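Trainee:
Residue numbers (the numbering used here): 820 to 1292.
1. Where does residue 883 sit, in a helix, a strand or coil, going by DSSP?
2. Going by the DSSP bridge assignment, what does residue 973 pair with across the sheet?
3. Contact defined as beta carbons within less than 8 Å: I believe residue 976 pairs with residue 997. What is the distance between those atoms, to the nearest angstrom?
4. Can at least three beta-carbon pairs, one atom from the stretch 1237-1252 and one from the stretch 1145-1157, be found at a separation below 8 Å?
5. Could you check which residue in 1091, 886 and 902 has the C-alpha nearest to that of residue 926?
6. Quick check on the DSSP output: the beta strand (DSSP E) that includes residue 964 runs from which residue to which?
7. Could you name the residues of the same chain whose beta carbon sits closer than 7 Å to that of residue 1074, not counting the 5 residues immediately before and after it, in chain order?
8. So, does the stretch 1161-1170 touch the stretch 1253-1265, judging by three or more C-beta pairs under 8 Å?
9. Under 7 Å Cβ to Cβ from residue 1159, same chain only, skipping five residues before and after it: list those, please.
10. Helix or strand or just coil, what does DSSP make of residue 835?
11. For the candidate residues 857, 968, 1014 and 1003, whose alpha-carbon lies nearest to that of residue 881?
12. Measuring straight from C-alpha to C-alpha, what distance separates residue 937 and residue 917?
13. Under a Cβ-count criterion, where at least 16 other Cβ atoms within 10 Å of its own Cβ denotes burial, should residue 1271 be classed as buried or exposed?
14. Could you tell me which of 950, 911, 1146 and 952 sits nearest to residue 869, measuring between CA atoms?
15. Following the continuous beta strand (DSSP E) through residue 1097, name the residue where it begins and the one where it ends.
16. Does residue 1293 come out as helix, strand or coil in the three-state DSSP assignment?
17. Over what stretch of residues does the beta strand (DSSP E) that includes residue 1161 continue unbroken?
18. Would you say residue 1033 and residue 1008 are within 9 Å of each other, going by their C-beta atoms?
19. Between residue 1106 and residue 1100, what straight-line distance do the alpha-carbon atoms span, to the nearest angstrom?
20. Measuring CA to CA, which of 884, 1086, 1091 and 1063 is closest to residue 1049?
21. Work out the CA separation of residue 972 and residue 954 for me, nearest whole Å.
22. Residues in its own chain within less than 6 Å of residue 1085 by CB, not counting five upstream and five downstream?
23. If I'm right that residue 838 touches residue 859 with Cβ under 8 Å, what's the distance once you round it to whole angstroms?
24. Nearest to residue 934 by alpha carbon, out of 942, 914 and 946?
25. Is the beta carbon of residue 1018 less than 9 Å from the beta carbon of residue 1047?
26. Kindly indicate which three-state DSSP category residue 1199 falls into: helix, strand or coil?
27. Where does residue 1047 sit, in a helix, a strand or coil, going by DSSP?
28. Tell me whether residue 1132 sits in a helix, a strand or coil according to DSSP, three-state version.
29. Take the Cβ of residue 1038 as the centre, count every other Cβ of all protein chains shown within 10 Å, and call the residue buried at 16 or more, exposed below.
30. If you follow the beta strand (DSSP E) that residue 1263 is part of, which residue opens it and which one closes it?
31. In this structure, what does DSSP give as the bridge partners for residue 911?
32. Considering only DSSP beta bridges, list what residue 1242 is partnered with.
33. If we ignore side chains and look at the alpha-carbon of each, how far apart do residue 1196 and residue 1269 end up?
34. By the three-class DSSP mapping on this structure, what secondary structure does residue 1283 have?
35. Using the Cβ count rule (16 or more neighbours within 10 Å means buried), how would you classify residue 866?
36. Using DSSP bridges, identify the partner residues of residue 894.
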């Protein structure tokens, strides 16, 4: 430890000073020193009018300044405090600099007030840091700071009136519950390697969590963000809780998506989301009965997709679909559309549910999945060929007489495959089958219906195709 080396070995350039002597110098006009070793616990009185500047120094003991009012600058750049620091209810009237400061023991700044800029880039809080109920009137910069892996770091009910920068390393649990960010907060590339809680936090500006890493569950329940909550390219190794939150704009186009996303009661004005995230939205406990009520309400009011606060799976999917479509995010909107219809279908009577699944999804793709009607068209084409190439039994039947040309009916053997393909193709492309058999006309009409459904599906997934179709029609 630098402090031990300074007091025991007295290396060149270091000055050893007692806490009592340092306090006298502080009263006499301030301390501006470098490579100073304070041999013991430093306890400051209620008033410190002069600047306290210790660069590349160390305190072999604790630093206690509970309730102290600092009228001058406090600068502990690259200084190590071996047994913790206590600044509870302290009032910092000017700039505080903790750049590279090492707190070997607990660091307590709860209920303190920072009236000037607070700079703590690359600081190390090895046994936890408590800034709960503190207030920052200007910039609070914790860029590159390292927070304890064993003790929690607390910013509960902390008020940030200026910009807040937390591109930091949170190795242990961290809590920003009920914190207030008047100018937004920068968590860009922050590393949350343990539980992170932002429950009840409020922000008047943007919350930038782009490329941040959340290795454990993270919760923003009951929080309120008037700006954008941006998780672009973020990494979530566990769950994301946004229940009862109010967010103006949510960007969840994450690099690694949460395993589960809780959105019950969430109010979102605008949304951008990775399409794969839609299926990870969690069904709130006990919401099945609520869904039944919602369906009856929907039948009377007309829609379940009105943006607002949702407590059921159908409403959540509808909210995501509505917001994604407004932002022209068709992939996300279509995924939510499919899941919403699947949730609706789950409570239908068995027969109606099966019909919905067979025709609505497997054939129609819920009008947002072109692969389904395309597959249905191909299947119909193959079936038409097979029926036209059947053997003697079908050759005698009325079905075969409707599908097989007259010249082939007399011979009780399969017609040529090429002839069957030709006849099936005629049913596909003929606009007016004319005097053909009723079954042939029905086959042709079914092709037209499936083609129309296919075009609608293509229109739903491709803006350019949609514009082209609208131009043609």
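The beta carbon of each residue, even a glycine, is placed where N, CA and C say it ideally should be. Values in this document were obtained by computation on a predicted structure and should not be read as measured data.
Mentor: According to the structure data:
1. Locating residue 883 in the chain shown gives position 64, where the first residue counts as 1. DSSP places residue 883 in the strand class (E or B) of the three-state scheme.
2. Here residue 973 corresponds to residue number 154 of the chain shown, with the count starting at 1. According to DSSP, residue 973 bridges with 949 and 994.
3. For the purposes of this step, residue 976 is taken as residue 157 along the chain shown, with counting starting at 1. For the purposes of this step, residue 997 is taken as residue 178 along the chain shown, with counting starting at 1. 5 Å between Cβ atoms; contact.
4. no
5. Within the chain shown, the letter at position 107 stands for residue 926. With distances taken between Cα atoms, residue 926 lies closest to 902.
6. Stepping through the chain shown from its first residue, residue 964 is reached at position 145. Per DSSP, residue 964 lies in no beta strand (DSSP E) segment and is marked neither H nor E.
7. In the chain shown, the residue the question calls residue 1074 occupies position 255. Result list for residue 1074: 1052, 1053 and 1054, in chain order.
8. Judged by Cβ distances under 8 Å, the stretch 1161-1170 makes no contact with the stretch 1253-1265, as fewer than three pairs qualify.
9. Mapped onto the chain shown, residue 1159 falls at position 340. 1133, 1136, 1137 and 1140, listed in sequence order.
10. The count along the chain shown starts at 1 and reaches residue 835 at position 16. In the three-state DSSP reduction, residue 835 falls in the strand class (E or B).
11. Translated into the one-based positions of the chain shown, residue 881 becomes position 62. Looking at the Cα atoms, 857 is the closest of the given residues.
12. Residue mapping note: residue 937 aligns to position 118 of the chain shown, counting from 1. Residue mapping note: residue 917 aligns to position 98 of the chain shown, counting from 1. If you take the alpha carbons of residue 937 and residue 917, they lie about 8 Å apart.
13. Position 452 of the chain shown holds residue 1271. Counting the other Cβ atoms within 10 Å of the Cβ of residue 1271 gives fewer than 16, which makes it exposed.
14. Taking the first residue of the chain shown as 1, we reach residue 869 at position 50. It is 911 whose Cα lies nearest to the Cα of residue 869.
15. Here residue 1097 refers to the residue found at position 278 of the chain shown. Taken as a continuous stretch (DSSP letters only), residue 1097 belongs to no beta strand (DSSP E), as it is neither H nor E.
16. One cannot answer for residue 1293 here, as it falls past the ends of the chain, which runs 820 to 1292.
17. Residue 1161 sits at position 342 when you count from the first residue of the chain shown. Element bounds for residue 1161: not the beta strand (DSSP E) but the alpha helix (DSSP H), 1149-1164.
18. The sequence position of residue 1033 within the chain shown is 214, counting from 1. The sequence position of residue 1008 within the chain shown is 189, counting from 1. Contact: no.
19. Start at 1 with the first residue of the chain shown, and residue 1106 comes out as number 287. Start at 1 with the first residue of the chain shown, and residue 1100 comes out as number 281. Bear in mind that a pLDDT of 47 at residue 1106, under 50, signals an unreliable position, so the model cannot answer this.
20. To locate residue 1049, count along the chain shown from 1; it is residue 230. Among 884, 1086, 1091 and 1063, the Cα nearest to that of residue 1049 belongs to 1091.
21. The residue you call residue 954 lines up with position 135 of the chain shown. The residue you call residue 972 lines up with position 153 of the chain shown. For residue 954 and residue 972, the distance between alpha carbons rounds to 16 Å.
22. Residue numbering aside, residue 1085 sits at position 266 when the chain shown is read from its first letter. These residues qualify, in order along the chain: 1061 and 1064.
23. Taking the chain shown and counting its residues from 1, the one referred to as residue 838 is at position 19. Taking the chain shown and counting its residues from 1, the one referred to as residue 859 is at position 40. With 8 Å as the limit, residue 838 and residue 859 qualify as a contact, their Cβ atoms being about 5 Å apart.
24. Counting from one through the chain shown, the residue named residue 934 turns up at place 115. Nearest C-alpha to residue 934 among 942, 914 and 946: 914.
25. Residue mapping note: residue 1018 aligns to position 199 of the chain shown, counting from 1. Residue mapping note: residue 1047 aligns to position 228 of the chain shown, counting from 1. No.
26. Position 380 of the chain shown holds residue 1199. Residue 1199 falls in the helix class under three-state DSSP.
27. Counting from one through the chain shown, the residue named residue 1047 turns up at place 228. In this structure, residue 1047 counts as strand in the three-state DSSP scheme.
28. One-based indexing of the chain shown puts residue 1132 at position 313. DSSP places residue 1132 in helix when its eight states are reduced to three.
29. The residue labelled residue 1038 in the question sits at position 219 within the chain shown. That one is buried.
30. Here residue 1263 is taken as the residue at index 444 of the chain shown, counted from 1. It is not in any beta strand (DSSP E) - residue 1263 instead sits in the alpha helix (DSSP H) that spans 1257-1280.
31. On the chain shown, residue 911 is found 92 positions in, with the first residue counted as 1. According to DSSP, residue 911 bridges with 889 and 933.
32. Taking the chain shown and counting its residues from 1, one reaches residue 1242 at position 423. Paired residues: none, contrary to the question.
33. Walking along the chain shown from the start, residue 1196 turns up at place 377. Walking along the chain shown from the start, residue 1269 turns up at place 450. C-alpha separation (whole angstroms): 6 Å.
34. For this step, residue 1283 is matched to residue 464 along the chain shown. Residue 1283 carries a helical assignment under DSSP once its states are collapsed to helix, strand and coil.
35. For this step, residue 866 is matched to residue 47 along the chain shown. Under this definition residue 866 is an exposed residue.
36. Counted from its first residue, the chain shown places residue 894 at position 75. Answer by DSSP bridge pairing, in chain order: 872 and 916.
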